[in-house]
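Visitor:
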Amino acid sequence: MSFLSGVPVPAWPLAAPGELAAPADDGPGNPWFSWRYVHDNAGEILSALQFHAGLTARAVIIALIVALPLAVVSYWWRPLTGPILALSGVLYTIPSLALLALVAPAVGTTSDTSVLIALVLYALLVLTRNSLAGLTQVPAEVRDAAAGMGYGRLGRLWRIELPLALPGILTGLRLATVSTVALVTVGSLIGKGGLGEMILGGFRNNFYKAEIMTGTLLCVGLALVLDLALAGVGRLLTPWTRERSS
Numbered sequence: 001m002s003f004l005s006g007v008p009v010p011a012w013p014l015a016a017p018g019e020l021a022a023p024a025d026d027g028p029g030n031p032w033f034s035w036r037y038v039h040d041n042a043g044e045i046l047s048a049l050q051f052h053a054g055l056t057a058r059a060v061i062i063a064l065i066v067a068l069p070l071a072v073v074s075y076w077w078r079p080l081t082g083p084i085l086a087l088s089g090v091l092y093t094i095p096s097l098a099l100l101a102l103v104a105p106a107v108g109t110t111s112d113t114s115v116l117i118a119l120v121l122y123a124l125l126v127l128t129r130n131s132l133a134g135l136t137q138v139p140a141e142v143r144d145a146a147a148g149m150g151y152g153r154l155g156r157l158w159r160i161e162l163p164l165a166l167p168g169i170l171t172g173l174r175l176a177t178v179s180t181v182a183l184v185t186v187g188s189l190i191g192k193g194g195l196g197e198m199i200l201g202g203f204r205n206n207f208y209k210a211e212i213m214t215g216t217l218l219c220v221g222l223a224l225v226l227d228l229a230l231a232g233v234g235r236l237l238t239p240w241t242r243e244r245s246s
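According to UniProt numbering, the residues represented by the sequence shown are 1 to 246, in order.
#1: Between A176, Y208, G234 and V233, which lies nearest to F33 when the distance is taken from Cα to Cα?
#2: Hey, is the segment 48-55 in contact with the segment 190-198, meaning 3+ C-beta pairs nearer than 8 Å?
#3: Shorter than 7 Å, the distance from the beta carbon of E161 to the closest heavy atom of the ligand SAM, or not?
#4: Less than 8 Å between the C-beta atoms of S88 and V186, yes or no?
#5: Compare the Cα-Cα distances from L132 to each of L85, V90, V233 and L237 and report the closest residue.
#6: Taking the alpha carbon of T81 as the reference point, which residue from L70, R58 and R235 has its own alpha carbon closest?
#7: Leaving out five residues on either side along the sequence, give the residues of the same chain with a beta carbon under 6 Å from the beta carbon of I212.
#8: Under 6 Å Cβ to Cβ from L121, same chain only, skipping five residues before and after it: list those, please.
#9: Thinking C-beta only, is A59 closer than 8 Å to A106?
#10: Going by the CB atoms, is the gap between G193 and L166 shorter than 8 Å?
#11: Tell me which same chain residues have a C-beta within less than 8 Å of the C-beta of A24, skipping the five on either side of it?
#12: Please name the residue in L154, L64 and A104 whose C-alpha comes closest to that of T180.
#13: Exposed or buried, what is R156 when buried is set at 16 or more other beta-carbons lying within 10 Å of its beta-carbon?
#14: For the segment 14-101, which segments carrying the alpha helix (DSSP H) assignment without a break, of at least 4 residues, lie completely within its bounds, in sequence order?
#15: How far does the alpha helix (DSSP H) with T136 in it extend, from its first residue to its last?
#16: Is M213 helix, strand or coil by DSSP?
#17: Let's test the definition: count the other Cβ atoms within 10 Å of the Cβ of R174 and tell me whether it reaches 16, buried, or not, exposed.
#18: For L102, which option in T110, S114 and T93 has the closest C-alpha, if you only look at C-alpha atoms?
#19: Using 10 angstroms around the beta-carbon of A98, count the other beta-carbons present and answer buried if the total reaches 16, otherwise exposed.
#20: For I190, report the span of its alpha helix (DSSP H) as first-last.
#21: Where does P139 fall in DSSP's three states?
#22: Apart from the five residues on each side of it in sequence, which residues of its chain come closer than 8 Å, Cβ to Cβ, to V233?
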């Protein structure tokens with residue numbers, strides 16, 4: 001018996017099945033987008049969007065908190081670089097459905113914790129690799145100058161190396177955020193997929209195109225907005241990159 005067999009069917013579709021059901025054809029009764037559908041289900045759509053964004057933010061923040069120390073350890077002790085990247089790479093290659101099947105029974109199939117753990121594990125490789133790349137690209141003469149000024153290893157890391165590594169760290173953060181937005185939808189299999197539940201609900205509800213398209217467009221829009229926001233934060237935090245490019 002699958003671990004999903006005891007999970008209740010998600011609350012999506014967003015209204016009663018009889019209200020949303022549409023023929024699985026290309027006729028006018030089943031359009032790819034419907035403002036009426038959006039208007040009638042605005043509250044549920046907004047709730048799904050908020051859950052999706054919140055779960056994405058939590059996963060990326062936790063992954064960043066874990067990945068930065070791993071990148072620093074790899075940077076300070078180079079023999080550990082291979083094992084750390086290899087382990088995070090192995091976790092990244094596990095299929096999302098298989099990973100969810102492994103994690104969910106341990107923490108609860110009706111809790112978003114299982115989805116959160118899977119998302120954090122997937123984001124680790126991107127964040128660790130890009131953070132390490134940013135640290136290793138700090139010029140050797142800058143490190144030597146900081147050491148000559150009396151900075152210890154920790155002081156040099158905090159005051160010199162991490163600020164100069166910010167472009168690489170932010171690149172990894174943007175990549176991890178966009179990929180996490182997409183991966184959250186997998187949680188719809190246990191009723192914790194945010195906008196993914198709308199997409200899955202549309203397929204279950206006689207291929208209701210408006211529901212599928214609304215969830216898809218909101219996922220793409222959320223990823224785009226978060227990516228642009230992080231790009232703006234990066235420009236504010238790294239003004240020297242703008243001067244160099246100009």
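Note that CB positions come from ideal geometry on N, CA and C, so glycine has one too.
Guide: This is what the structure holds:
#1: Against the sequence shown, residue 33 aligns to sequence position 33. The shortest Cα separation from F33 among A176, Y208, G234 and V233 belongs to Y208.
#2: These segments touch.
#3: Of ligands this structure carries none, so the ligand SAM is not represented either.
#4: Counting from one through the sequence shown, the residue named residue 88 turns up at place 88. Counting from one through the sequence shown, the residue named residue 186 turns up at place 186. In this structure, V186 does not lie closer than 8 Å to S88 by Cβ.
#5: Within the sequence shown, the letter at position 132 stands for residue 132. Of L85, V90, V233 and L237, the residue nearest in Cα terms is L85.
#6: Taking the first residue of the sequence shown as 1, we reach residue 81 at position 81. Comparing Cα positions, the closest option is L70.
#7: Taking the sequence shown and counting its residues from 1, the one referred to as residue 212 is at position 212. The beta carbon of I212 sits closer than 6 Å to those of I199 and G202, all from its chain and outside the five residues before and after it, given in chain order.
#8: Reading the sequence shown from its first residue, position 121 is the one you call residue 121. Answer for L121: L91, listed in chain order.
#9: If you number the sequence shown from 1, residue 106 lands on position 106. If you number the sequence shown from 1, residue 59 lands on position 59. Against a cut-off of 8 Å, the Cβ pair of A59 and A106 comes out as no contact.
#10: Here residue 166 refers to the residue found at position 166 of the sequence shown. Here residue 193 refers to the residue found at position 193 of the sequence shown. Cβ atoms of L166 and G193: not closer than 8 Å.
#11: Along the sequence shown, one-based indexing puts residue 24 at 24. Confidence is the limiting factor: at A24 the pLDDT is only 43, short of 50, which leaves the residue's position unreliable, though a coordinate-based value still follows. Result list for A24: N30, N206 and F207, in chain order.
#12: Residue 180 sits at position 180 when you count from the first residue of the sequence shown. Cα-wise, what sits closest to T180 is L64.
#13: On the sequence shown, position 156 is the one that residue 156 refers to. Burial call: buried.
#14: Assignment of alpha helix (DSSP H) within the segment 14-101, counting only whole runs of 4 or more residues, yields 17-20, 35-40, 42-76 and 81-93 in chain order.
#15: Walking along the sequence shown from the start, residue 136 turns up at place 136. Looking at the DSSP string, the run of the alpha helix (DSSP H) that includes T136 is T113 to T136.
#16: Taking the first residue of the sequence shown as position 1, residue 213 is located at position 213. The three-state secondary structure of M213, taken from DSSP, is helix.
#17: Here residue 174 is taken as the residue at index 174 of the sequence shown, counted from 1. Under this definition R174 is a buried residue.
#18: Stepping through the sequence shown from its first residue, residue 102 is reached at position 102. For L102, the closest C-alpha among the options T110, S114 and T93 is that of S114.
#19: Translated into positions along the sequence shown, residue 98 becomes position 98. An exposed status is given to A98, since fewer than 16 other beta-carbon atoms sit within 10 Å of its beta-carbon.
#20: Here residue 190 refers to the residue found at position 190 of the sequence shown. Neither: I190 is in no alpha helix (DSSP H) and is coded neither H nor E.
#21: Position 139 of the sequence shown, counted from the start, is the residue given in the question as residue 139. Assignment of P139 by DSSP, reduced to helix, strand and coil, places it in the coil class.
#22: The residue you call residue 233 lines up with position 233 of the sequence shown. Result list for V233: L170, in chain order.
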